[in-house]
Amino acid sequence: DTEVTQTPKHLVMGMTNKKSLKCEQHMGHRAMYWYKQKAKKPPELMFVYSYEKLSINESVPSRFSPECPNSSLLNLHLHALQPEDSALYLCASSRRVGGTDTQYFGPGTRLTVL
Amino acid sequence: DQQVKQNSPSLSVQEGRISILNCDYTNSMFDYFLWYKKYPAEGPTFLISISSIKDKNEDGRFTVFLNKSAKHLSLHIVPSQPGDSAVYFCAASGLSGSARQLTFGSGTQLTVLP
Chain A
7 DTEVTQTPKH
17 LVMGMTNKKS
27 LKCEQHMGHR
37 AMYWYKQKAK
47 KPPELMFVYS
57 YEKLSINESV
67 PSRFSPECPN
77 SSLLNLHLHA
87 LQPEDSALYL
97 CASSRRVGGT
107 DTQYFGPGTR
117 LTVL
Chain B
7 DQQVKQNSPS
17 LSVQEGRISI
27 LNCDYTNSMF
37 DYFLWYKKYP
47 AEGPTFLISI
57 SSIKDKNEDG
67 RFTVFLNKSA
77 KHLSLHIVPS
87 QPGDSAVYFC
97 AASGLSGSAR
107 QLTFGSGTQL
117 TVLP
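First to last, the sequence lines map onto chains A and B.
Under the numbering used here, residues 7 to 120 are what the first sequence spells out, in order.
Under the numbering used here, residues 7 to 120 are what the second sequence spells out, in order.
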């Protein structure tokens, strides 16, 4: 089983709203990732969590706030976003942060900021 | 500076023939390479990977070849099927501090014609 689930599938929000994206995996993976993908572009890494601790933050604006409540869950809290933040947000997980492990991706949340 | 390049944005192949997708990289610290397939508005699906200590890995219709001296890898799909039509991303994995990161190419849109 290599399933990563993400909710919601679609989200439309205004620039003053606060919303959260949720990601879940039950594969026992200890590394979880948030990526942002714009149309016709490759995924861009935003955050990496290793054993529930933030290990990489790729200079992401503070209006994106990640949270890892436990080893199976990863959230991305959104506040005061801009229209240019509209994109597909992807969650991924892998067994370890180091080592040659494959990352498995969820289906993504399509975010539209009005 | 693109460390992983897919120079062909698109490729069309007749059903039943071989599809060859190419990828070049510049960073010799990459030690693990992956191919992902992506349909619109979905997350990337892992296809096949190869460690830098190997030069070939095969899984069913998919074979990945690695030429370390040329810093080049390719994905062969044979026989190609219409359901293979998707965007294919090459990704290279390397350690950044204590964390492993994926660097993606820009993708190649494969169209398999019936």
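Built from N, CA and C at the ideal position, the CB exists for glycine as well.
Being a predicted model, the structure only gives us computed values, none of them experimental.
Here D61(B) has L72 as same chain residues with Cβ atoms under 6 Å from its own Cβ, once five neighbours each way along the sequence are excluded. Under DSSP, the beta-bridge partners assigned to V93(B) are K44(B) and Q115(B). In this structure, the beta-carbon distance from H85(A) to S71(A) falls below 9 Å.
Excluding five sequence positions before and after Q115(B), the CB atoms of its chain that fall closer than 6 Å to its own CB belong to S16 and V93, given in chain order.
Distance from the CA atom of P89(A) to the CA atom of T115(A), rounded to whole angstroms, is 15 Å. According to the DSSP assignment, K15(A) belongs to no beta strand (DSSP E), since it is labelled neither H nor E. By the CB criterion at 9 Å, V118(B) and Q20(B) fall inside the cutoff.
For V10(A), the CB contacts under 7 Å within the same chain, skipping 5 residues up- and downstream, are C29, Q31, C97, A98, S99, Y110, F111 and G112 in chain order. DSSP places A93(A) inside the beta strand (DSSP E), whose first and last residues are A93 to S100.
Here A93(A) has K42, Q43, K44 and L117 as same chain residues with Cβ atoms under 7 Å from its own Cβ, once five neighbours each way along the sequence are excluded.
In the DSSP annotation of this structure, the continuous segment of the beta strand (DSSP E) that includes P75(A) starts and ends at F70 to N76. The three-state reading of DSSP puts E9(A) in coil, since its state is none of H, G, I, E or B.
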